[in-house]
Amino acid sequence: MKHRINQLTTWLKEEKTDVAFITSKENIFYLTNFYTDPHERLVGLFVFKDHSPIMVIPSMEVSQVQDAGWEHQIVGYKDHESPWGLIQQLLKDRQLDTISSAAIETDVLTVARMNDLLQLFPNAAVQPVENQLNTMRVVKDSSEIAIIQRAAEMADFGVEVGKSALKEGITEMEVLAKIEYELKKKGIREMSFSTMVLFGEKSGAPHGNPGDRKLQEGDFVLFDLGVVLDGYTSDITRTFAFRSISDEKRKLYNTVLQAQLASLEISKPGTRIGDLDQTARDVITEAGYGDRFPHRIGHGMGINVHEFPSMSHLNDGILKEGMVYTIEPGIYDPVLGGVRIEDDVLITKDGHITLTKTPKELTIV
Numbered sequence: 021m022k023h024r025i026n027q028l029t030t031w032l033k034e035e036k037t038d039v040a041f042i043t044s045k046e047n048i049f050y051l052t053n054f055y056t057d058p059h060e061r062l063v064g065l066f067v068f069k070d071h072s073p074i075m076v077i078p079s080m081e082v083s084q085v086q087d088a089g090w091e092h093q094i095v096g097y098k099d100h101e102s103p104w105g106l107i108q109q110l111l112k113d114r115q116l117d118t119i120s121s122a123a124i125e126t127d128v129l130t131v132a133r134m135n136d137l138l139q140l141f142p143n144a145a146v147q148p149v150e151n152q153l154n155t156m157r158v159v160k161d162s163s164e165i166a167i168i169q170r171a172a173e174m175a176d177f178g179v180e181v182g183k184s185a186l187k188e189g190i191t192e193m194e195v196l197a198k199i200e201y202e203l204k205k206k207g208i209r210e211m212s213f214s215t216m217v218l219f220g221e222k223s224g225a226p227h228g229n230p231g232d233r234k235l236q237e238g239d240f241v242l243f244d245l246g247v248v249l250d251g252y253t254s255d256i257t258r259t260f261a262f263r264s265i266s267d268e269k270r271k272l273y274n275t276v277l278q279a280q281l282a283s284l285e286i287s288k289p290g291t292r293i294g295d296l297d298q299t300a301r302d303v304i305t306e307a308g309y310g311d312r313f314p315h316r317i318g319h320g321m322g323i324n325v326h327e328f329p330s331m332s333h334l335n336d337g338i339l340k341e342g343m344v345y346t347i348e349p350g351i352y353d354p355v356l357g358g359v360r361i362e363d364d365v366l367i368t369k370d371g372h373i374t375l376t377k378t379p380k381e382l383t384i385v
């Protein structure tokens, strides 16, 4: 992870900024290979323009940071101690208490911690660090891609478990429980978001809540799930028909499939990101369902299941080799139900590959 710290240090020098203060568990993991959920406790990383970095963590996690490969200074504190006083003394000892500029995560730093930081650096001008970290994280290296590929394989497995569990009268929650149980048996400790299993009309809510709805013939069955594996995520959606499907539902499904395939067709280096959304949206609108596609085509994915970039039609950014994101058009009807088809996509030198492999042609279970 040294190269990532060095990349951030180079940016600080270019920006003439003395220090970056990082507190989000995702960015700390990205920069240090140490992942923790600190709850209310402070875990912070100080990256300096001209000095070696400092990690601030609860004392009980010091050995884990070292095991993750951290070779720089650590400030460990016990629960009865305020970490800020220890940080202040260390900065004074290292003659780093005259900071005049700082970069912070404006999206996640709380007001309370911002005030604590300004007590350390009362005269510091502050700027966001998000754009730089997003730029670094958006292009994945080979080790990240390998992990995400394995996470995608586990997402495919989860869908297969759910599909195999379908039988008349089973509830959404019963199927959900089978999926997560089998994934845990495979070693998956955490899902990347709350698993969705939605039957019938409930699939017509883009972010519906699974419950005791029982499966009936003619229902759409929508699975939306993903896993966290070695700090990286996956995200897949597949929609099936149970035992039979009406002509109207078949048209709805095939429209979503064609929209997804059209968006995938132009997924290659140099494509404007917003064109992915617009291409799928045009297919759905032309079929008469434009008002039933209420969300963007997808989102970046990596350490966070939703991360930079946002794949809306307004995004003028350009696809680059190494980017990973989702393509997930959908059509939602409160009576018929909904269809969403989602894949995890990796941009390659010449085009793209889909990391999720579950077949997506209309399947009647």
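Our numbering applies: residue 21 is where the sequence shown begins, and numbers increase by one.
Idealized CB from N, CA, C, for every residue including glycine.
Straight-line spacing of the CA atoms in residue 265 and residue 198 works out to 25 Å. Fully contained in the stretch 24-86 are the following alpha helix (DSSP H) runs of length 4 or more, in chain order: 45-52. Taken atom to atom, the span from the alpha-carbon of residue 267 to that of residue 361 is near 19 Å. Closest in alpha carbon position to residue 190, among 39, 231, 162, is 231.
Per DSSP, the beta bridge partners of residue 319 are 330. Rounded to whole angstroms, the Cβ separation of residue 349 and residue 300 is 4 Å, and the two are in contact under 8 Å. Of the other Cβ atoms in all chains shown, 16 or more fall within 10 Å of the Cβ of residue 64; this residue is therefore buried. Per DSSP, residue 88 is not a residue of any beta strand (DSSP E), being assigned neither H nor E.
Positions of the beta strand (DSSP E) runs, each at least 3 residues long and wholly inside the stretch 220-289, are given as 240-245, 247-249, 256-261 in order along the chain.
Bridge pairing for residue 217: 243 [DSSP]. For residue 363, DSSP records a beta bridge to 347.
Here the alpha carbon of residue 315 sits roughly 13 Å from the alpha carbon of residue 294. DSSP, read as helix, strand or coil, puts residue 155 in helix. Annotation for residue 46: 323, 324 place their beta carbon closer than 6 Å to its own, counting only its chain and skipping 5 residues before and after. If you ignore the 5 residues before and after residue 385, its C-beta comes within less than 8 Å of the C-beta of 183, 186, 241, 260, 261, 262, 263, all in its own chain and listed in chain order. In the DSSP assignment, residue 139 falls within the alpha helix (DSSP H) that extends over 131-140. Of 118, 161, 42, 105, the smallest CA-CA separation from residue 143 is found for 118.
In this structure, 280 is the residue among 95, 280, 319, 307 with its C-alpha nearest to the C-alpha of residue 379. By the neighbour-count criterion, in which a residue is buried when 16 or more other Cβ atoms sit within 10 angstroms of its Cβ, residue 253 is buried. For residue 94, the enclosing beta strand (DSSP E) begins and ends at 93-97.
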